[in-house]
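Accompanying notes for the structure given below.
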Amino acid sequence: MIPTIKQNPIIKLIYNSYVVLFFIYLALPLSVVAVFAFNDSQFPSLPWEGFTLTWFFGTEQPWLGVFNERRIMRSIGTSAFIALCVSFLSILVGTINAFLFERANFKFKGFLYVLMLLPLVIPGIILGISILVFSNFVANGVEDLTGWEIEALRPGLTLVVLGQFSFITTIATLVIAARLKKFDSSLEEAALNLGASQWQAIYHVTLPFLRPAMIGAGIVALLMSFENFNTTLMLVGSDAPLTITMFDRLKEGSTPVLNAVSLLLMIGSSALALVMIFFQKTDEKP
Amino acid sequence: MIGPRTKLGLILLMSPLLLWLTTLIIIPHLDMLYVSLREKVGVRQYEFGFGNYMTFFTEPLYWNTFARTAYMSIMATVLTLFIGFPISYYIAKIAKGRLKMALFLLCLVPFWVSELVRTFGWMILLRETGVISSFLQWSGIVNQPVEMLYNDAAIMVGLVYTSMLFMVVPLVTTLDSLDDSLIEAGYDLGASGFAILKNIVIPHAVPGIVTGSIVVFMLSLGNYLTPILLGGKSSLWFTGMIYSQFITRFNWEQGAAFGFLLLGLSSLIVFVGLKLSGQTLAKTMG
Numbered sequence: 005m006i007p008t009i010k011q012n013p014i015i016k017l018i019y020n021s022y023v024v025l026f027f028i029y030l031a032l033p034l035s036v037v038a039v040f041a042f043n044d045s046q047f048p049s050l051p052w053e054g055f056t057l058t059w060f061f062g063t064e065q066p067w068l069g070v071f072n073e074r075r076i077m078r079s080i081g082t083s084a085f086i087a088l089c090v091s092f093l094s095i096l097v098g099t100i101n102a103f104l105f106e107r108a109n110f111k112f113k114g115f116l117y118v119l120m121l122l123p124l125v126i127p128g129i130i131l132g133i134s135i136l137v138f139s140n141f142v143a144n145g146v147e148d149l150t151g152w153e154i155e156a157l158r159p160g161l162t163l164v165v166l167g168q169f170s171f172i173t174t175i176a177t178l179v180i181a182a183r184l185k186k187f188d189s190s191l192e193e194a195a196l197n198l199g200a201s202q203w204q205a206i207y208h209v210t211l212p213f214l215r216p217a218m219i220g221a222g223i224v225a226l227l228m229s230f231e232n233f234n235t236t237l238m239l240v241g242s243d244a245p246l247t248i249t250m251f252d253r254l255k256e257g258s259t260p261v262l263n264a265v266s267l268l269l270m271i272g273s274s275a276l277a278l279v280m281i282f283f284q285k286t287d288e289k290p
Numbered sequence: 002m003i004g005p006r007t008k009l010g011l012i013l014l015m016s017p018l019l020l021w022l023t024t025l026i027i028i029p030h031l032d033m034l035y036v037s038l039r040e041k042v043g044v045r046q047y048e049f050g051f052g053n054y055m056t057f058f059t060e061p062l063y064w065n066t067f068a069r070t071a072y073m074s075i076m077a078t079v080l081t082l083f084i085g086f087p088i089s090y091y092i093a094k095i096a097k098g099r100l101k102m103a104l105f106l107l108c109l110v111p112f113w114v115s116e117l118v119r120t121f122g123w124m125i126l127l128r129e130t131g132v133i134s135s136f137l138q139w140s141g142i143v144n145q146p147v148e149m150l151y152n153d154a155a156i157m158v159g160l161v162y163t164s165m166l167f168m169v170v171p172l173v174t175t176l177d178s179l180d181d182s183l184i185e186a187g188y189d190l191g192a193s194g195f196a197i198l199k200n201i202v203i204p205h206a207v208p209g210i211v212t213g214s215i216v217v218f219m220l221s222l223g224n225y226l227t228p229i230l231l232g233g234k235s236s237l238w239f240t241g242m243i244y245s246q247f248i249t250r251f252n253w254e255q256g257a258a259f260g261f262l263l264l265g266l267s268s269l270i271v272f273v274g275l276k277l278s279g280q281t282l283a284k285t286m287g
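Here the protein sequences line up with chains A and B, keeping their order. Reminder that position 260 of the first sequence reads as 264 in the working numbering, one-by-one numbering, no gaps. Reminder that position 283 of the second sequence reads as 284 in the working numbering, one-by-one numbering, no gaps.
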């Protein structure tokens, strides 16, 4: 059961092979996606026709590489734009919320905290449709009353950003509040004693301490926004972000271009994850 | 400690949170409830009534799909638990030092990649012209292509794969906190491996099992991509019905009612799970 206890070698062998099999199972789908990005064939399937970079740099149909595929490149841009907006907004609101829950005392604090957690237990697709229904209600109401058409409240980028923001902020709040909890508030008092104003103390002492958590929350927000599908699906307008474009393409039939995009996504997310690990490392060293 | 000193300060600090929760979570859900409770009687004319919910109960296709989604999600949860538990135990109790960290990180890696990419990987593996089919033909086990996509087993494989992280992380955390000496004591007192598992390890791991199961069930229930892509046209997943009511048929009243039913089931499971294990939402998340 544990290393200090002797174990029947056959059971041990079975157990170890199970663990190995499990990790093969984990790695298999991602590996095939990556490998077939380099297959010189029109379909991401066997047989192996030889190595090629055409699915990245190809310039002519049907061998159009991902870097020359307008629709995909544009949707990467859209996704990046959405992700940056969501990330910025959720760090901002998450930091304010962290101060609220860690530094203030008020009635219904426990209730408000549970309410703040709720977006995480609501299925993404429900978040999407509820925001869709409500924004449509508001937009129709305004149009009926004043005749103004508010484009931002119709399915499109603004709604996608708001929809993703609505649950990613919870995560940002949790991450930043956890860091603020560890803050030694005598540092702030020292700053105040040395003549700093409250704002100066927060700006020069507290916020720098929170920075690793803010960056971490921002990266998690970027990744979650980039990957989000369910909420986005219900709120998307004519500017489709990457996951939606890929989904549409996948329904039409898959080409190795999708493998190439997927590989780029994998590289992108691992790079971001590494950046985050790096920041958490510096976070441990005070 | 710097915090809001005046009532005004507190209100200002609280306003982003309140704005976020009321405009993006609470009011949209109330509005969705309102929409689900009205029946269309003419062009832009509605009447209050439970007709949309009645349709759900009188139309076998709808509640069959609902029950099927719930049943498949429970199956996926149980499978994820059974597959993930030995792995979590291995990571928490058997692997040591570097290997432990490496295995744990390996479990996390696939989940930094979009769910779309993971599902795409399974499509490449499982389809008729896919890697596994080709491999089986090459090795002579079968003599014609086998289609392994577009059935319930494929959906299950995808759901378990997608949910694994959310089971393994809480399990590793709780198993890590189990003192090795308790297992040794059980062994010294002559208990069999099975008895130790049943009387020491599993009782200790209950909080992790509950947390993991709740999250996996919720995510499976609300999943859209995996059932649609791996299950094909006949996948019959409840989120797919919500999507088609909203986007294809433009019957928002019916879609909102479906949304509420899904939200109800999901919340019920979260609630019951937390009650059974004596945990609170705040403790589970924070």
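The C-beta atom is built at its ideal place from N, Cα and C for all residues, glycine as well.
Asked, Found
"If you measure between the beta carbons of F169 of chain A and S274 of chain A, is that distance less than 9 angstroms?", "no"
"Could you tell me which chain B residues have their CB closer than 8 angstroms to the CB of S258 of chain A, listed as they occur along the chain?", "F121, M124 and I125"
"Mind checking the region 101-112 of chain B against chain A and listing, in chain order, the residues whose C-beta falls within less than 8 angstroms of any C-beta there?", "L104, L107, C108, V110 and P111"
"For W253 of chain B, count neighbouring C-beta atoms within 10 Å of its own C-beta (all shown protein chains included) and say buried if the count is 16 or more, exposed if not.", "buried"
"When the cut-off is 9 angstroms and only beta carbons count, does R107 of chain A lie next to chain B?", "yes"
"How many whole angstroms separate the CB atoms of N234 of chain A and Y63 of chain B, which I take to be in contact at a CB cut-off of 8 angstroms?", "With a Cβ gap of about 20 angstroms, N234 of chain A and Y63 of chain B do not count as contacting."
"Mind listing the chain A neighbours of I26 of chain B? Cutoff is C-beta to C-beta under 7 angstroms, in chain order.", "L122, P123 and S170"
"DSSP has E40 of chain B in a bridge; who is on the other side?", "B:E48"
"Are the CB atoms of G206 of chain B and F86 of chain B nearer to each other than 9 angstroms?", "Note that residue 206 of chain B is Ala in the sequence shown, not Gly. It is a contact, given that the beta carbons lie within the stated cut-off."
"Unbroken alpha helix (DSSP H) runs of length 4 or more, entirely within the region 142-227 of chain A: which are they?", "161-185, 190-197 and 202-205"
"Identify each residue in the region 154-166 of chain B for which the Cβ-Cβ distance to at least one residue of chain A is less than 8 angstroms, and report them in chain order.", "Y162 and M165"
"Shortest alpha-carbon distance to V118 of chain B belongs to which of A:F85, A:M280, A:L278 and A:L268?", "A:L268"
"Quick one: Cα of N65 of chain B to Cα of R215 of chain A, how far?", "50 angstroms"
"At a cut of 8 angstroms, does the region 95-114 of chain A reach the region 208-222 of chain A through at least three beta carbon pairs?", "yes"
"What does the alpha-carbon distance come out to for the pair V36 of chain B and L82 of chain B?", "38 angstroms"
"Give every residue of the same chain whose Cβ lies closer than 7 angstroms to the Cβ of T78 of chain B, excluding the five residues on either side of it in the sequence, and list them in chain order.", "S214, V217, F218 and S221"
"Which residue from A:A194, A:G222 and A:M218 puts its Cα closest to that of V209 of chain A?", "A:A194"
"For E40 of chain B, collect the residues of the same chain with a Cβ closer than 6 angstroms to its Cβ; drop the 5 residues on either side in sequence, then sort them by chain order.", "E48, G50 and G52"
"Which of the three DSSP states is assigned to L68 of chain A in this structure?", "strand"
"Looking at the unbroken alpha helix (DSSP H) that takes in Q255 of chain B, where does it start and where does it end?", "W253 to S278"
"State the Cα-Cα distance for the pair L227 of chain A and Y19 of chain A, rounded to the nearest angstrom.", "34 angstroms"
"When you check each C-beta in the region 223-245 of chain A against every C-beta of chain B, which residues fall closer than 8 angstroms?", "L227, F230, E231, F233, N234, L237 and M238"
"Within the chosen definition, does the region 236-250 of chain A reach the region 185-202 of chain A through at least 3 CB pairs nearer than 8 angstroms?", "no"
"May I ask you to report which of helix, strand or coil DSSP gives F112 of chain A?", "coil"
"Answer yes or no: does any C-beta atom of chain A fall closer than 9 angstroms to that of A206 of chain B?", "no"
"Leaving out the 5 sequence neighbours to the left and right, which residues in its chain are closer than 6 angstroms to P228 of chain B when beta-carbon positions are compared?", "I156, S236 and W238"
"Beta-carbon of E148 of chain B versus every beta-carbon of chain A: anything under 9 angstroms?", "no"
"Which chain A residues are close to P29 of chain B, counting only those with a beta carbon under 7 angstroms from its beta carbon?", "S134, I135, V137 and F138"
"By the 10 Å Cβ neighbour count, where 16 or more other Cβ atoms means buried, how is S267 of chain B classified, buried or exposed?", "buried"
"Measuring only between beta-carbons, confirm whether T174 of chain B sits less than 9 angstroms from chain A.", "no"
"Between B:S278, B:Q255 and B:T212, which lies nearest to M55 of chain B when the distance is taken from Cα to Cα?", "B:Q255"
"With distances taken Cα to Cα, identify the nearest neighbour of S21 of chain A among B:L38, B:I88, B:V42 and B:R45.", "B:I88"
"Whose Cβ in chain B lies nearer than 7 angstroms to the Cβ of Y22 of chain A?", "P87"
"Quick test of your reading: G220 of chain A and F283 of chain A, contact by CB under 8 angstroms. State the CB separation rounded to the nearest angstrom.", "6 angstroms"
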